[in-house]
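> Before anything else, here's the structure in question.
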Amino acid sequence: MDFRPDLMSTPVAAPPRLPLPRGPISEAVVTALAKVPPPRVLLRDVSADPFGEDLQLALYICYELHYRGFAEVDPAWEWEPQLLRLRGALEQGFLAGLRAEVPGGADVESVLDELLVERVDADGVSHHLRDAGEWWQMREYMAHRSIYHLKEADPHAWVIPRLQGQAKASLVAVEFDEFGGGRAARMHSRLFADLLEGAGLESSYGFYLDAVPAEMLATVNLMSLCGLHRALRGAMVGHFAAAEITTAPSAARMARALERLEADPRCTLFFTEHVEADAVHEQVLRHDVIGDLLAREPDLATDVVFGVQTTELLEDRLGRHLLACWRSGRTSLLHPLS
Ligand SMILES: [Fe+2]
Ligand SMILES: [Fe+2]
């Protein structure tokens with residue numbers, strides 16, 4: 648094992664600061680977390696738009712305690728019962744909202760096949776950025792995605808203990824690639840930090856949280872939700888497969904967009920790395936992970952479909968938001984980049 652002391656002496660990056668609240672629920676969470684637990688009862692009424700700013704931010708903050716936490720928050724909050732109860736209520740609202748918006752079903756093959764169909768008239772975010780996107784829009788896209796890619800593949804690691812046999816072994820093989828194959832400099836989260844720096848953006852973890860709207864927060868919350876609940880292990884695997892299937896073609900379009908915009912090569916590398924890697928990951932996820940999981944636990948087919956469909960639902964919502972803002976000349980962030 649090569650421990651490379653130069654890398655091992657790198658100091659631990661400071662956790663991000665708590666974000667500003669966006670409504671009564673996130674206000675209650677932020678106010679409570681600033682204190683040492685146990686707190687007073689956090690909140691009785693958690694009814695809110697399941698896709699709205701307040702619920703999505705409150706849920707994001709609760710989940711972040713399981714990743715790196717926040718600078719001013721006691722780590723003991725991670726397992727504080729009242730906060731977990733509140734989180735559970737927010738999750739029920741989010742899950743109900745998701746279930747109401749997707750068709751469902753148990754036909755895993757056909758929902759995955761649909762993802763492979765490239766429509767000729769497709770006009771997604773990566774199509775727009777490749778053909779007509781401006782540099783300020785590209786930088787906004789990077790800021791949105793930083794909320795996930797600076798912890799890329801972390802949410803999927805939660806599902807490892809919940810799998811068995813080939814499904815587990817193959818999912819870990821994909822994760823090994825996501826985490827750089829044993830090299831810190833090649834971790835996809837590090838490549839994304841390099842991309843941000845190449846674009847003149849801030850690469851510290853969580854830096855853009857206050858600027859990122861609910862549409863983006865929801866895509867990360869879905870991963871945390873499915874990763875942290877063993878009952879949703881099928882959905883986590885379905886989400887992972889959907890993400891890998893759709894990433895390779897969109898990464899190729901993003902690489903072309905960055906070349907057209909004459910971006911720093913560090914920006915392009917993140918996407919070219921994903922064109923090849925995700926073509927392989929797609930096959931592994933589809934055949935070795937999902938195939939083996941469903942051979943063992945066929946009843947999970949509906950959950951796998953749920954993971955695929957909700958991933959598409961939330962990506963579509965985000966894409967529509969980005970394009971609507973950009974086409975009317977507005978920022979897609981809550982605060983424009985400086
Ligand atoms: Fe990746
Ligand atoms: Fe991948």
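Residue numbers for the sequence shown, in my numbering: 648 to 985. Positions of the beta carbon are idealized from the N, C-alpha and C atoms, including for glycine. From a predicted model like this one, the values you see are computed outputs, not experimental measurements.
#1: Per DSSP, what kind of secondary structure is Q813 in: helix, strand or coil?
#2: Judging by CA-CA distance, which residue of F823, Q811 and Y852 is the nearest neighbour of A661?
#3: List in chain order the residues whose CB is within less than 6 Å of at least one heavy atom of ligand 1.
#4: With a threshold of 8 Å, are at least 3 pairs of Cβ atoms found where one atom belongs to the segment 810–818 and the other to the segment 930–944?
#5: Cβ of F823 within 8 Å of Cβ of M834?
#6: Evaluate P860 with the Cβ neighbour count: other Cβ atoms within 10 Å of its Cβ, from every protein chain shown; 16 or more gives buried, anything less gives exposed.
#7: At which residues does the alpha helix (DSSP H) containing H921 begin and terminate?
#8: Hey, quick one: how far does the alpha helix (DSSP H) through H774 stretch, first residue to last?
#9: On a Cα-Cα basis, can you pick out the residue from L980, L941 and L712 that is closest to G881?
#10: Taking contact to mean 3 or more Cβ pairs, one atom from each stretch, closer than 8 Å, check whether the segment 904–921 and the segment 976–985 are in contact.
#11: In three-state DSSP terms, what is G874?
#12: Quick one: what's got a C-beta closer than 6 Å to A902's C-beta in the same chain, skipping five residues either side?
#13: Could you please give the first and the last residue of the uninterrupted alpha helix (DSSP H) stretch that includes A747?
#14: Return the chain-ordered list of same chain residues with a C-beta closer than 7 Å to the C-beta of E787, the five sequence neighbours on each side being excluded.
#15: Helix or strand or just coil, what does DSSP make of H982?
#16: Can you have a look at L712 and say buried or exposed, based on whether 16 or more other CB atoms are within 10 angstroms of its CB?
#17: Are the Cβ atoms of I892 and V755 separated by less than 8 Å?
#18: Out of Y795, Q956 and E727, point me to the one whose CA is closest to F839's CA.
#19: Would you mind reading off the limits of the alpha helix (DSSP H) that contains G710?
#20: Can you tell me whether DSSP reads F826 as helix, strand or coil?
#21: For P666, count the other beta carbons within 10 Å of its own beta carbon; 16 or more makes it buried, fewer makes it exposed. Which is it?
#22: Does DSSP put R691 in a helix, in a strand, or in coil?
#23: Would you call D778 buried or exposed, if buried means 16 or more other Cβ atoms sit within 10 Å of its Cβ?
#24: Does K798 pass the burial test, meaning 16 or more other C-beta atoms within 10 Å, or should it be called exposed?
#25: Beta-carbon separation of H876 and A895 under 8 Å?
#26: At a threshold of 7 Å, does E891 count as lining ligand 2 (C-beta to nearest heavy atom)?
#27: Just verifying my parser: in three-state terms, what is the DSSP assignment at P697?
#28: Would you check whether ligand 2 has a heavy atom nearer than 7 Å to the C-beta of V955?
#29: As a quick exercise: from G966, L965, G670 and V951, pick the residue whose alpha carbon is nearest that of P750.
#30: Quick one: grab the DSSP three-state call for W973.
#31: Measure the Cβ-Cβ separation of A673 and A718 and say whether it is below 8 Å.
#32: Once you ignore the five residues that flank V867 on each side, which residues in its own chain have a CB closer than 6 Å to its CB?
#33: On the three-state DSSP scale, how would you describe A661?
#34: With 16 as the cutoff for other CB atoms within 10 Å, does L763 come out buried or exposed?
Let me lay it out:
#1: Three-state result, Q813: helix.
#2: Comparing Cα-Cα distances from A661 to each of F823, Q811 and Y852, the minimum goes to Y852.
#3: Taken from the N-terminal end onward, the list reads E799, E825, H835 and H921.
#4: The segment 810–818, when compared against the segment 930–944, does touch it at the 8 Å Cβ threshold.
#5: The answer is no: Cβ separation not under 8 Å.
#6: With 16 or more other Cβ atoms within 10 Å, it is buried.
#7: Bounds of the alpha helix (DSSP H) holding H921 are P912 to Q930.
#8: Note, H774: alpha helix (DSSP H), V772 to D778.
#9: Scanning L980, L941 and L712 for the CA closest to the CA of G881 turns up L941.
#10: At 8 Å Cβ cutoff, the stretches do not touch.
#11: Helix.
#12: Cβ neighbours of A902 beyond the five flanking positions: T915, F918 and T919.
#13: According to the DSSP assignment, A747 belongs to the alpha helix (DSSP H) that extends over P728 to E748.
#14: Closer than 7 Å at the Cβ level, and outside the excluded window around E787, lie T978, S979, L980 and L984.
#15: Collapsing the DSSP output to three states places H982 in coil.
#16: Buried.
#17: Contact flag unset, no.
#18: Taking only the C-alpha atoms, the option nearest F839 is Y795.
#19: Per the sequence shown, the amino acid found at residue 710 is Tyr instead of Gly. It spans E700 to E711 - the alpha helix (DSSP H) in which Y710 sits, taken as one unbroken run.
#20: F826 falls in the coil class under three-state DSSP.
#21: Per the 10 Å Cβ criterion, buried.
#22: The three-state secondary structure of R691, taken from DSSP, is coil.
#23: Result: exposed.
#24: Looking at its Cβ environment, which holds 16 or more other Cβ atoms inside 10 Å, K798 is buried.
#25: Not a contact, by the Cβ cut-off of 8 Å.
#26: Flag set: Cβ of E891 near ligand 2.
#27: Looking at P697 - three-state DSSP - the assignment turns out to be coil, as it is neither helix nor strand.
#28: Because no heavy atom of ligand 2 lies under 7 Å away, the Cβ of V955 does not count as near it: no.
#29: Taking only the C-alpha atoms, the option nearest P750 is V951.
#30: When secondary structure is reduced to three states using DSSP, W973 falls in the helix class.
#31: The amino acid at residue 673 is misidentified as Ala; the sequence shows Ser. When the beta-carbon positions are compared, S673 and A718 stay at least 8 Å from each other.
#32: Within its own chain, the residues whose Cβ lies closer than 6 Å to the Cβ of V867, once the five positions on either side in sequence are excluded, are I794 and Y795, listed in chain order.
#33: Note: A661 maps to coil in three-state DSSP.
#34: The residue in question, L763, is exposed, as its Cβ has fewer than 16 Cβ neighbours within 10 Å.
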